[in-house]
Each structure stands twice: as structure tokens, then as C-alpha cells.
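Participant: Just so you know, the sequence shown maps onto residues 1 to 140 in this note's numbering.
Every residue gets a Cβ at the ideal spot worked out from N, C-alpha and C, and that includes glycine.
On a predicted model such as this, the values are computed, not experimentally measured, just so you know.
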Amino acid sequence: MDIFNAFKGSENIVIGTIFIALISLAGNWRLFVKCGQPGWAVFVPGYNVIVAMRIIGRPDKHALLFLLPGFNLYFFFRTILELANTFGKSSTLDYALACVFNVFYILNLGLSEEEEYAGPVYGNLAEPAEGASHDMAVAA
1 MDIFNAFKGS ENIVIGTIFI ALISLAGNWR LFVKCGQPGW AVFVPGYNVI VAMRIIGRPD
61 KHALLFLLPG FNLYFFFRTI LELANTFGKS STLDYALACV FNVFYILNLG LSEEEEYAGP
121 VYGNLAEPAE GASHDMAVAA
């Protein structure tokens, strides 16, 4: 194969990379389906980011924020944490695991039968608790 010749003897690296990519795509496919989105969207560059924004409840146009140099790194971690929140994960340990092992954490969310999608969280995190008056929420 020509792809193997391009790497001159590093066939194992290419095969390993392809294997990890396939596992990652399968996990993301399952995550999208679990969240009520089309699984095929994983394979469409750009559109998969828009679908991810829909999963966490952000407007589609927020996908463009990944194109801003510097801010995209912050926004990446922000969306990973919001994705964890959509599955009810909000502890400090969950946040640390999501940031450090983000690929494996997303695979766990997608492939685990125990994890259930709780719904979008963007905008819901800043809402006042039930029973709190509107004036108190504005003052805070």
C-alpha cells in the first residue's frame, strides 16, 4: 500500500492510528445516537461540531468559535465540560477526567450502557433554583 511506503517502516504506527480512529468514530457515533442526533454526522467535518453544539444546547453558530486562535483551546475544554454535564457528571473528579482523558471520557459516555443523556445544559447552569425570586437571581 502506498500509505505504508510514505511512512517508511512505521506500519505499526499507521495501523494503530487507524484502529484508534475507528474506535473513536464508533464511540462518537454511539454518543450522537444516544443524544438523539444522527450517527452519520460523525463523518462530516464541520457538521459534527454543529451537532455537538446541539447536544450541549448551544446555538449552531457557536461552532465557529473553534476557528478563533487561542480562544478555541478554552472553548474546547468548555464544551467538554458541558458535554459531561449533559450526562449528569458535575463533580470535580469528572471535570478533571474529562479534561485530562477527554477522548477516553467521551468514549466512556458513548459506549457505556449506564450513562444516560440528561439533555442540553447550555443556559441552564445560570438559571436560578426553583423557589428563588427573580430579583434575587438578578442581584446575583
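DSSP three-state call for residue 93: helix, strand or coil?
Facilitator: DSSP places residue 93 in helix when its eight states are reduced to three.
Participant: Are at least three pairs of beta-carbons, each pair with one atom in the segment 59-70 and one in the segment 95-108, less than 8 angstroms apart?
Facilitator: Judged by Cβ distances under 8 angstroms, the segment 59-70 makes no contact with the segment 95-108, as fewer than three pairs qualify.
Participant: Output the distance between the C-alpha atoms of residue 122 and residue 83, rounded to the nearest integer angstrom.
Facilitator: Going from the Cα of residue 122 to the Cα of residue 83 covers about 9 angstroms.
Participant: Grab me the residues of residue 30's own chain with a C-beta within less than 8 angstroms of its C-beta, minus the 5 sequence neighbours each way, in chain order.
Facilitator: If we look at residue 30 and ignore the five residues flanking it on each side, its Cβ neighbours are 39, 110, 111.
Participant: Going along the chain, which unbroken runs of the alpha helix (DSSP H) with 4 or more residues stay wholly within the segment 58-83?
Facilitator: Entirely contained in the segment 58-83, not one alpha helix (DSSP H) run reaches 4 residues.
Participant: What number of angstroms, rounded off, separates the C-alpha of residue 77 from the C-alpha of residue 69?
Facilitator: Straight-line Cα distance between these residues: approximately 14 angstroms.
Participant: By how many angstroms is the C-alpha of residue 75 removed from the C-alpha of residue 119?
Facilitator: If you take the alpha carbons of residue 119 and residue 75, they lie about 20 angstroms apart.
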